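Below is one structure, written out as structure tokens; comments come after it.
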Amino acid sequence: MASKLNTKKIIKQGKKMAKKNPKGFAILVVVLIILIALGVGGYFAYRYFFPTIEFKLNGSKETSIALNSTYKEKGCTATCNGKDISENIVTTYYLNDEKKDSIKTDVETTYTVKYNLTYQKYEGELTRKVKITTVDAIDINFLELGNKYTGDSTFIKAGETDILIDAGSRNDSAKTISSFIDTYCDDGVLEYVIATHAHQDHIAGFVGTSTATGILKKYKIDTLIDFALTNTDSKVYKDYVSLRDEQIGKGNIVNHYTAADCIAGTNGAQKVYHVAAGITMEILDQKFYHEKTNDENDYSVCALFSQGENHYLFTGDLEEKGEASLVALNNLPEVTLFKGGHHGSYTANTDALLNVIKPKTVCICCCAGTNEYTENAENMFPAQRAIDRIAKHTDKVYVTTLMIDYSAGKYESMNGNINFHSNAGLDYLVTGSNNSIILKETEWFKKNRTWPTA
Ligand SMILES: [Ca+2]
Ligand SMILES: [Zn+2]
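To convert, count from 1 in the sequence shown and add 50; that's the numbering used here.
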């Protein structure tokens with residue numbers, strides 16, 4: 051049975067004791083003080099030598115830690131005796147007891163993660179199992195092509211993977227395009243190349259000239275995907291086919307498939323390629339891979355890139371019928387980025403497509419205001435009617451080049467080479483090599499186009 055402590059009684063007895071034996075009482079008090087001091091000191095000494103380390107992984111991110119950042123940047127904190135020591139954490143990763151410098155996976159995988167801690171003299175570690183999904187960064191570059199002709203060439207760096215969609219606008223563009231590629235590609239290998247359709251403003255740079263080595267010759271290509279059908283027998287098309295087949299024969303193009311092969315999964319072709327951690331390239335179906343049309347543009351190979359939750363759509367020069375088919379045959383997502391259809395033509399960029407994909411950003415490859423194809427100012431790229439439809443979704447519209455005088459061969463950069471960068475698909479930034487002014491704010495636009503009122 052516990053008896054209640056009676057403070058008054060203790061004090062009374064203490065006073066009695068002090069009167070009876072003052073010396074003994076003083077010793078007792080001193081001993082008590084020493085014991086208390088030892089206890090407090092011992093506690094702090096214990097905490098110094100055996101500090102209380104607390105790791106806090108950031109809430110919901112516990113199952114999805116973004117790599118390639120410091121522990122603190124991951125939104126995690128560590129404290130030692132209540133003091134923030136997150137900066138002192140070094141993370142090491144183990145998969146099945148095998149140490150990894152970093153983890154790359156596009157499948158949610160459980161890893162043992164050791165947090166090695168060095169703080170003052172203390173070294174320790176904490177191990178916990180976390181599920182990790184990594185997503186690589188992507189750079190999508192819409193290129194200027196070094197001459198007065200409108201054309202397409204888009205160079206994409208997804209993680210470490212080099213991807214080129216088209217190489218227009220003329221044979222000599224090969225030089226401009228390859229000098230750009232070489233700022234990113236350091237192994238001489240383009241892992242994926244897409245040739246959307248047989249028009250020279252999309253394939254001439256693949257062929258090149260005697261002084262501007264064609265892209266098909268200059269780089270080793272792992273996988274080339276090109277159009278399934280064409281009506282043309284132009285010189286540039288024939289040159290493309292003969293150089294392509296020559297490079298296939300030499301083993302410099304390892305895999306060659308048409309878009310139709312990708313859809314059918316024949317000859318080893320795939321519909322979806324994992325091009326980097328968390329990034330896929332999907333060849334989208336549309337009916338003009340399989341049936342003839344009199345509009346060459348509608349044969350265009352269409353590709354959708356997905357990076358985490360973000361989607362980026364490329365449709366070559368697909369026109370109205372092709373866009374309708376694309377919508378009908380695919381479950382298209384809303385997209386962060388759309389390469390403006392057919393250089394910003396009014397014959398593409400239809401509501402049927404735009405109302406489904408609701409683009410947040412549109413990048414148009416053309417020489418704005420060029421009379422290369424028409425003398426009707428309203429229809430020159432980017433056409434007023436295309437702008438009217440795009441404007442329902444976004445004003446973040448960018449254009450590579452500005453025509454000054456077509457017959458004199460004078461042109462200037464508008465935005466210039468346009469870079470779309472997204473780190474891990476979380477946020478993104480659009481930067482032009484000349485400037486990053488959106489189309490509706492440009493001098494050309496104010497003189498030549500109107501922005502529709504809402
Ligand atoms: Ca490469
Ligand atoms: Zn074109």
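Even glycine gets a Cβ: it sits at the ideal position worked out from N, Cα and C. Just so you know, these numbers come straight off a predicted model, no measurement behind them.
When the distance is taken between beta carbons, is residue j closer than 9 Å to residue i?
i	j	result
Ala254	Ala224	yes
Thr330	Ser356	yes
Gln297	Leu266	yes
Leu403	Leu376	yes
Val322	Ile271	no
Tyr290	Phe256	yes
Ile407	Leu382	yes
Asn347	Glu369	yes
Asp251	Tyr287	no
Gly358	Val185	yes
Ala326	Glu210	yes
Phe75	Gly92	no
Taking 8 Å as the cut-off, is the beta-carbon of residue i closer than that to any non-hydrogen atom of ligand 1?
i	result
Cys537	This structure leaves residue 537 out entirely; the chain is present only between 51 and 504.
Thr204	no
Thr211	yes
Glu241	yes
List the residues that DSSP assigns as beta-bridge partners of residue i.
i	result
Pro331	Just to set this straight, residue 331 is Met in the shown sequence, not Pro. Met331 is bridged to Tyr323 and Phe355.
Asn469	Asn191 and Thr481
His306	Leu274
Thr263	Gly258
Ile206	Ile190 and Ile213
Ile414	Val449
Lys133	Cys130
Ser395	Beta-bridge pairing links Ser395 to no other residue.
Measuring alpha carbon to alpha carbon, tell me which residue in the options is nearest residue i.
i	options	result
Thr343	Gly358, Asp335 and Gly372	Gly372
Gly419	Thr481, Ser356 and Thr492	Thr492
Ile437	Glu425, Thr451 and Ala398	Ala398
Asp401	Leu379, Leu368, Lys442 and Glu422	Lys442
Pro409	His361, Asn465, Ile60 and Ser136	His361
Thr503	Thr444, Asn485 and Tyr456	Thr444
Ala245	Leu85, Thr280 and Thr259	Thr280
Cys417	Glu425, Asn426, Thr365 and Met430	Met430
Asp236	Ala95, Asp212 and Ala248	Asp212
Gly328	Ala208, Thr57, Phe277 and Ile135	Ala208
His340	Leu193, Ala309, Ala374 and Val325	Ala309
Val243	Thr424, Ile215 and Glu425	Ile215
Leu274	Lys285, Asp283, Arg294 and Gly264	Arg294
Tyr396	Arg435, Asn191, Gly92 and Glu137	Arg435
Asn469	Cys415, Lys497, Asp345 and Asn71	Cys415
Ile440	Lys268, Phe75 and Gly390	Gly390
Pro432	Ile86, Asn498 and Glu148	Asn498
Thr316	Ser284, Ala326, Ile303 and Ala278	Ala278
Ser284	Asp147, Gln336 and His247	His247
Ile220	Ile206, Gly366, Ile231 and Ala262	The sequence shown places Arg at residue 220, rather than the Ile named in the question. Considering only alpha carbons, the answer is Ala262.
Asp311	Ile303, His324, Asp276 and Lys300	Asp276
Any heavy atom of ligand 2 closer than 8 Å to the beta-carbon of residue i?
i	result
His249	yes
Asp348	no
Asp367	yes
Gly391	no
Thr420	no
Gly394	no
Thr424	no
Gly196	no
Thr200	yes
Gly255	no
Gly218	yes
His252	yes
Write down the C-beta distance between residue i and residue j rounded to the nearest angstrom, noting that I regard them as a contact closer than 8 Å.
i	j	result
Ala217	Ser203	5 Å
Tyr40	Ser472	Lying outside 51 to 504, the shown extent of the chain, residue 40 is not represented and no answer is given.
Val412	Lys446	7 Å
Leu363	Phe388	5 Å
Asn467	Asn191	6 Å
Ser483	Ser463	7 Å
Gly196	Asp222	7 Å
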